[in-house]
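What follows is a single structure, written as structure tokens, with notes after it.
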Amino acid sequence: MFKFKELKKEKELNINNKCFQISKRSNAVINLILAILAALSIIPFIFVVIISLTAESALNKNGYSFVPEQWSFGAYKYLFESTDQVIRSCGVTILVTILGTIIGLILISTYAYALSRKTFAYKKFFTMVIFIPMLFSGGLVSSYLVNTQFLGLKNSIWGLILPICMNSFYIIILRTFFKTSVPDAIIESAKIDGASELRTFFQIVLPISLPGIATIGLFLTLGYWNDWFNAMLYIDKDSLLPLQYLLIRIESSMEFLVNNATKLGVAGVEAFRNLPKESAKMAMVVITTVPIVFAYPFFQKYFVNGLTIGAVKE
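Under UniProt numbering, the sequence shown has 302 at position 302, and the numbering climbs by one with no breaks.
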């Protein structure tokens with residue numbers, strides 16, 4: 001009887017495996033479709049790079065083209081005319097991104113871990129605290145007054161870090177990840193061995209939770225790298241301008257020259273004629289995107305797993 005049940009179970013498994021088997025032809029078609037989708041995703045970025053390397057005169061004459069009539073680095077030369085400022089802004093952006101990601105990961109992971117524990121006494125209260133900002137905004141004026149008058153973040157590097165280092169959505173994702181991926185038995189074993197809460201968290205929970213941590217780390221990195229709004233609000237010093245906001249100011253100066261070329265006389269007309277208007281915009285996209293494109297592969301193996309597990313509703 002037992003052998004009959006085993007044979008029946010094995011037969012069912014074989015039937016299920018056959019249902020999920022894909023023929024070579026179907027597999028080739030699926031791979032072809034995925035290759036086309038991948039190409040459609042990367043072609044626009046390649047096109048942006050080509051336009052950024054196209055001479056402005058060729059763009060005005062022939063429009064956008066994958067094979068430009070004349071190649072030129074004029075757009076990049078224009079953007080890097082103020083080399084010291086660009087390098088300084090790159091340094092500020094890198095510093096803000098690294099510090100902000102580290103601080104954000106520490107705050108978000110500890111908050112999420114506390115909410116994931118059944119024994120945490122004030123779990124309902126602190127869960128409600130993170131839901132309130134998702135439903136209601138404090139408003140721009142009140143946030144600005146608190147950050148400048150009370151916290152003193154005006155013209156400070158912390159004005160670029162602290163306002164966005166916490167995020168309710170990230171806390172919920174990581175809380176769910178801790179609940180589903182960290183067994184209670186491991187934490188109980190650590191407590192029996194005499195480990196403190198901090199030691200349990202940093203030496204046991206975090207190594208198990210690398211996919212979730214890497215996912216939130218990628219979100220924070222993207223947020224800090226692309227942030228320009230806080231710089232517009234809190235930064236007046238050129239030495240603290242991040243790269244994104246510097247490029248916005250350069251684009252604004254270009255638009256000013258375009259709109260007022262005739263009012264500035266002969267010098268204005270000459271400057272307008274030599275201005276790489278379209279190619280410079282594409283060069284800005286390349287400068288701000290390339291570092292993230294190179295950083296993404298390091299997070300990729302954790303990203304999908306961390307996002308799918310952490311997104312389970314409970």
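We treat Cβ as the ideally placed atom computed from N, Cα and C, and that holds for glycine. Just so you know, these numbers come straight off a predicted model, no measurement behind them.
In this structure Y234 does not touch G139 by the C-beta definition: roughly 16 Å separates them, more than the 8 Å allowed. For I204, there is no enclosing alpha helix (DSSP H), as DSSP marks it with neither H nor E. Residue environment analysis places M282 among the buried positions, since at least 16 neighbouring C-beta atoms fall within 10 angstroms of its C-beta.
No Cβ-Cβ contact shorter than 8 Å links T127 with W225. Note that the C-beta distance between Y245 and M232 is below 8 Å. Collapsing the DSSP output to three states places W71 in a strand. The beta carbon of T97 sits closer than 7 Å to the beta carbons of T221, Y224, W225 from its chain, once the five residues preceding and following it are set aside; these are given in chain order. Assigned with DSSP and collapsed to three states, T54 falls in strand.
Annotation: P276 is outside any alpha helix (DSSP H) and is labelled neither H nor E by DSSP. The Cβ atoms of F66 and I50 lie closer than 8 Å to each other.
P291 and L241 have their C-alpha atoms roughly 18 Å apart.
D236: not part of any alpha helix (DSSP H); DSSP gives it neither H nor E.
Shown here for L95: same chain residues with a beta carbon closer than 8 Å to its own, the five before and five after excluded, namely I157 in chain order. CA-to-CA, the gap between A190 and L218 works out to about 29 Å.
DSSP places S181 inside the alpha helix (DSSP H), whose first and last residues are 168-181.
For V146, no alpha helix (DSSP H) segment is defined, and its DSSP state is neither H nor E. Counting only residues of its own chain and dropping the five nearest sequence neighbours on each side, I186 has a CB closer than 7 Å to the CB of I204. Residue environment analysis places L153 among the buried positions, since at least 16 neighbouring C-beta atoms fall within 10 angstroms of its C-beta. Boundaries of the alpha helix (DSSP H) around T127: 123-135. Here DSSP, grouped into helix, strand and coil, assigns P44 to helix. Of the residues G212, I248, K237, the one whose Cα lies closest to the Cα of F229 is I248. Counted as a single uninterrupted DSSP element, the alpha helix (DSSP H) harbouring K191 occupies residues 184-192. Close CB contacts of F131 within its chain, under the 8 Å cut and outside five residues either way in sequence, are with S168 (chain order). Looking at V182, K237, G194, the one whose alpha-carbon comes closest to that of L210 is V182. In the displayed model, N226 falls within a helix according to three-state DSSP. Around the C-beta of Y111, 16 or more other C-beta atoms lie within 10 Å, and the residue is accordingly described as buried. Taking A58 as reference, the option from L275, S89, Q149, S26 with the minimal CA-CA separation is L275.
Note that the C-beta distance between I171 and I108 is below 8 Å. If you ignore the 5 residues before and after W71, its C-beta comes within less than 8 Å of the C-beta of L53, T54, A55, all in its own chain and listed in chain order.
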